[in-house]
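Sequence positions in the sequence shown follow numbering that gives the first Met the number 0 and run 0 to 347.
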Amino acid sequence: MAKTARKIVPSPDKKNVKNEIKNIGQKVGGRIMKNKAKKQPKFKTEKNESINDDNVVVLEPVRRSDDLPLSLNTKWINKQRVLVIASRGITYRDRHLMNNLKALMPHSKSEPKMETKDPNLVLNEICEIRNCNKCIFFENRKRKDLYMWLANVSNGPTAKFLVENVHTMEELRMTGNCLKASRPFLSFDPKFESDPHWALLRELFVQIFGTPKSHPKSQPFFDHVFTFTILDHRIWFRNYQLCDEKGSLAEIGPRFCLNPIKIFDGSFMGRILYSNPHYVSPNKHRILIKQAAAKKYVQRLQAKQQRQLIKPANHETYADLDQYDDVFETIRPEEAIGPEKAIFQRKK
Numbered sequence: 000m001a002k003t004a005r006k007i008v009p010s011p012d013k014k015n016v017k018n019e020i021k022n023i024g025q026k027v028g029g030r031i032m033k034n035k036a037k038k039q040p041k042f043k044t045e046k047n048e049s050i051n052d053d054n055v056v057v058l059e060p061v062r063r064s065d066d067l068p069l070s071l072n073t074k075w076i077n078k079q080r081v082l083v084i085a086s087r088g089i090t091y092r093d094r095h096l097m098n099n100l101k102a103l104m105p106h107s108k109s110e111p112k113m114e115t116k117d118p119n120l121v122l123n124e125i126c127e128i129r130n131c132n133k134c135i136f137f138e139n140r141k142r143k144d145l146y147m148w149l150a151n152v153s154n155g156p157t158a159k160f161l162v163e164n165v166h167t168m169e170e171l172r173m174t175g176n177c178l179k180a181s182r183p184f185l186s187f188d189p190k191f192e193s194d195p196h197w198a199l200l201r202e203l204f205v206q207i208f209g210t211p212k213s214h215p216k217s218q219p220f221f222d223h224v225f226t227f228t229i230l231d232h233r234i235w236f237r238n239y240q241l242c243d244e245k246g247s248l249a250e251i252g253p254r255f256c257l258n259p260i261k262i263f264d265g266s267f268m269g270r271i272l273y274s275n276p277h278y279v280s281p282n283k284h285r286i287l288i289k290q291a292a293a294k295k296y297v298q299r300l301q302a303k304q305q306r307q308l309i310k311p312a313n314h315e316t317y318a319d320l321d322q323y324d325d326v327f328e329t330i331r332p333e334e335a336i337g338p339e340k341a342i343f344q345r346k347k
């Protein structure tokens with residue numbers, strides 16, 4: 000068989016092939032970009048365009064609520080931690096009040112109930128274990144009287160109050176509401192600046208009830224306010240919601256009244272810095288109420304006896320009595336008593 004001759008084709012240069020591919024791509028890409036540019040509409044603007052003053056909308060001034068909230072990455076400096084604890088034997092209303100305060104204080108920590116036999120100094124060790132520098136201790140006596148202890152665990156002082164007129168959130172059912180873990184404003188009566196002991200209690204309230212700035216569990220804004228008012232030598236606590244920019248308020252709850260008893264120098268111990276002269280213990284108050292009720296009973300018995308002396312016998316009226324009825328009534332000598340005996344004595 001005869002062999003066929005092969006045709007030898009020279010191999011193309013690689014650089015020339017790459018350049019040709021680039022040129023083809025630029026041509027195709029340029030056409031595509033030109034087609035897209037044609038599809039985009041062009042808006043014409045008139046040079047001599049006038050603006051009517053009637054259609055201009057005047058914007059309101061900038062409000063504080065328009066500001067952006069602070070980022071959560073800010074430094075947390077004020078590291079206040081409050082331990083909220085109660086003793087055994089508290090009533091259901093006292094427990095609900097404690098839970099309400101926990102919900103309003105995102106910087107608080109909870110702990111199981113403390114035994115009644117343990118002294119109050121045990122609370123210092125519990126706070127140290129829980130890494131807390133403030134403490135709110137609810138103590139119940141006789142299942143009737145509720146006492147609240149507010150203490151600065153590190154160096155003192157400690158304030159003891161009698162809690163009166165307690166009304167919880169569940170009991171009141173007010174229209175106000177606030178977001179959980181938001182920070183509160185603290186409003187104090189001007190009377191807190193009148194005496195040193197009121198000023199000391201004010202600083203204690205600020206450090207305990209004030210939520211620290213940039214706390215990890217708190218919201219970075221304010222939507223409610225705590226008010227502390229002094230009336231009748233007592234501190235009245237209220238919680239209100241900030242409804243709008245004008246400052247209208249709606250009560251949230253809870254409500255309670257703090258009657259100060261004593262202020263101690265240390266943490267649950269130390270010398271007495273202040274003692275309330277207007278304080279009356281609940282036991283003494285109950286005794287006074289019983290004495291007042293007994294006094295009314297004694298007065299009622301005395302009035303009844305007085306009426307029996309004045310009232311005529313046998314249900315007779317004064318109209319039926321005759322002044323000469325006892326003329327012929329004689330007394331025998333052996334029955335004479337007192338000055339009547341002189342009638343029967345013989346004259347010497």
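We put the CB at the ideal spot given by N, CA and C, even for glycine.
All figures in this text were calculated on a predicted structure; none of them were measured in a lab.
When secondary structure is reduced to three states using DSSP, residue 239 falls in the strand class. Following the DSSP letters along the chain, one finds residue 197 inside the alpha helix (DSSP H) bounded by residues 195–208. Secondary structure at residue 106: coil, using DSSP grouped into helix, strand and coil. Just so you know, the alpha carbons of residue 182 and residue 208 end up roughly 10 Å apart.
Under the three-state reduction of DSSP output, residue 331 falls in the coil class, being neither helix nor strand. Taking C-beta atoms under 8 Å as the contact rule, residue 179 and residue 77 fail to qualify, at a distance of about 20 Å.
Secondary structure at residue 283: helix, using DSSP grouped into helix, strand and coil. Two segments are said to touch when three or more pairs of C-beta atoms, one from each, lie closer than 8 Å; by this definition the stretch 95–114 touches the stretch 157–171.
For the 8 Å CB-CB criterion, residue 148 and residue 163 do not form a contact. Membership of residue 168 in the alpha helix (DSSP H) is indicated by the continuous run 168–171.
Cβ-Cβ separation between residue 177 and residue 223: approximately 4 Å, consistent with a contact (criterion under 8 Å). In the DSSP secondary-structure assignment, residue 271 is bridged to 263.
When DSSP states are grouped into helix, strand and coil, residue 214 belongs to the coil group. Under DSSP, residue 321 shares a beta bridge with no residue.
Assigned with DSSP and collapsed to three states, residue 152 falls in coil, not helix or strand. Proximity of the stretch 188–205 to the stretch 78–91 falls short of the contact definition, fewer than three beta-carbon pairs being nearer than 8 Å.
For residue 176, there is no enclosing alpha helix (DSSP H), as DSSP gives it neither H nor E. A distance below 8 Å separates the beta carbons of residue 274 and residue 261. Counted as a single uninterrupted DSSP element, the alpha helix (DSSP H) harbouring residue 340 occupies residues 340–343.
According to the DSSP secondary-structure assignment, residue 186 is paired through a beta bridge with 226. For residue 251, there is no enclosing beta strand (DSSP E), as DSSP marks it with neither H nor E. Between residue 156 and residue 272, the gap from beta carbon to beta carbon is short of 8 Å. Contact check for residue 216 and residue 106: beta-carbon distance about 7 Å, within the 8 Å limit, so the pair qualifies. Here residue 152 really is in contact with residue 133; their C-beta atoms are around 7 Å apart, less than 8 Å. In the DSSP assignment, residue 123 falls within the alpha helix (DSSP H) that extends over 121–128.
With a contact defined as Cβ atoms closer than 8 Å, residue 129 and residue 114 miss out at about 17 Å.
Taking C-beta separations shorter than 6 Å and ignoring five residues to either side along the sequence, the partners of residue 119 in its chain run 267, following chain order.
Apart from the 5 residues on each side of it in sequence, residue 88 sits with its Cβ closer than 7 Å to the Cβ of 115, 139, 142 in its chain, given in chain order. Note: residue 147 is bridge-paired with 137, 160 in the DSSP secondary-structure output. In this model, residue 204 and residue 210 are separated by some 11 Å (Cα to Cα).
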